[in-house]
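Structure first, then comments.
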Amino acid sequence: GAVVSQHPSRVICKSGTSVKIECRSLDFQATTMFWYRQFPKQSLMLMATSNEGSKATYEQGVEKDKFLINHASLTLSTLTVTSAHPEDSSFYICSARTLHPTVDYGYTFGSGTRLTVV
Amino acid sequence: AQSVSQHNHHVILSEAASLELGCNYSYGGTVNLFWYVQYPGQHLQLLLKYFSGDPLVKGIKGFEAEFIKSKFSFNLRKPSVQWSDTAEYFCAVNAQTGTASKLTFGTGTRLQVTL
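This is the structure in structure tokens:
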């Protein structure tokens, strides 16, 4: 089945630094990837939709200059949290969707990245 | 815009009890519906999904869900829960508008199964 690999699983960084999170589709090509943020005991909130070869589409209220998304290939999307602050501490999850002509993988989720900004 | 409501925020059941978790969505067009489970410390896993066809969908681990279009509902059921079913359950919906169609999640239901 479809597998999405997300790295790192945990990262601690100092306030003001940038952190890059990678999301790879291992055995399929992901034309579209999604980035979510999950606060403790809350649901997943969509941050942005990443399309291969084009600019990401951000949800209302999400700062595109702070959360940089790059989807340079059909198997890799990255989320960079720039100038991180403690309020950016959260659980970030990526998801990939692809519609193969004969198989609909639906949505496959990465294992998430726990970001702690100190 | 699509939205999803999960009315049960926290459910506590004894082992072997039956489970039904409510999910209602708001969207005027055709939708795909999903239930995901998140075990403590783990990532989201797909329990089941509905795209079309038989509105009664069977998923993994004995879970099933019924799509009732007239009620905009997609409730999750399991006849007899186990302690290992303790987890967070999320209902999600996406509008069938192409490959970029995004998933919208409900707020989740925390299920606690006691021995």
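Here the protein sequences line up with chains A and B, keeping their order.
Numbering-wise, the numbering used here puts 26 at position 26 of the first sequence, and it's gapless, one number per residue.
To convert, take the position in the second sequence, counting from 1, and add 1000; that gives the numbering used here.
Yeah, the Cβ is synthetic: ideal placement off N, Cα and C, and Gly gets one too.
List, in order along the chain, the chain A residues whose C-beta lies closer than 9 Å to that of residue i?
i         : result
Leu1076/B : Neighbours of Leu1076/B on chain A: none; closest Cβ ~15 Å, over 9 Å.
Thinking C-beta only, is residue j closer than 8 Å to residue i?
i         : j         : result
Tyr1025/B : Val1004/B : yes
Met45/A   : Ala96/A   : no
Gln29/A   : Ser111/A  : no
Phe1034/B : Ala1092/B : yes
Asn1008/B : Thr1109/B : yes
Val62/A   : Ser89/A   : no
For residue i, decide whether its Cβ has a neighbour in chain A, counting only Cβ atoms nearer than 8 Å.
i         : result
Leu1033/B : no
Leu1103/B : yes
His1007/B : no
Phe1090/B : yes
For a contact defined as C-beta to C-beta under 8 Å, what are the partners of residue i on chain A?
i         : result
Gly1106/B : Ser43
Name, please, each residue of chain B whose Cβ falls closer than 7 Å to the Cβ of residue i.
i       : result
Gly53/A : Chain B residues near Gly53/A: none, gap ~13 Å exceeds 7 Å.
Could you tell me whether any Cβ in chain B is nearer than 8 Å to the Cβ of residue i?
i        : result
Leu115/A : no
Ser89/A  : no
Leu26/A  : no
Check whether the Cβ of residue i lies closer than 7 Å to any heavy atom of the ligand SAH, and answer yes or no.
i         : result
Phe1067/B : As far as ligands go, the structure on display features none, and thus does not contain the ligand SAH.
What in chain A is Cβ-close to residue i, meaning under 7 Å?
i         : result
Lys1061/B : Here the premise fails: no neighbours, minimum Cβ distance about 16 Å.
Lys1049/B : Gly106
Counting only Cβ pairs nearer than 9 Å, list the residues of chain B close to residue i.
i       : result
Leu46/A : Lys1102, Leu1103, Thr1104, Phe1105
Length at least 3, wholly inside the segment 57-115 of chain A: the beta strand (DSSP E) runs in chain order: 67-73, 76-81, 90-99, 104-109
The segment 15-23 of chain A / the segment 72-87 of chain A touching (three or more Cβ pairs under 8 Å): yes
At least 3 beta-carbon pairs within less than 8 Å: the segment 1106-1113 of chain B vs the segment 45-64 of chain A: no
Beta strand (DSSP E) runs contained entirely in the segment 1032-1070 of chain B, provided each spans 3 or more residues: 1045-1050, 1056-1058, 1064-1068
Three-pair Cβ contact test at 8 Å for the segment 1013-1030 of chain B versus the segment 1075-1085 of chain B: yes
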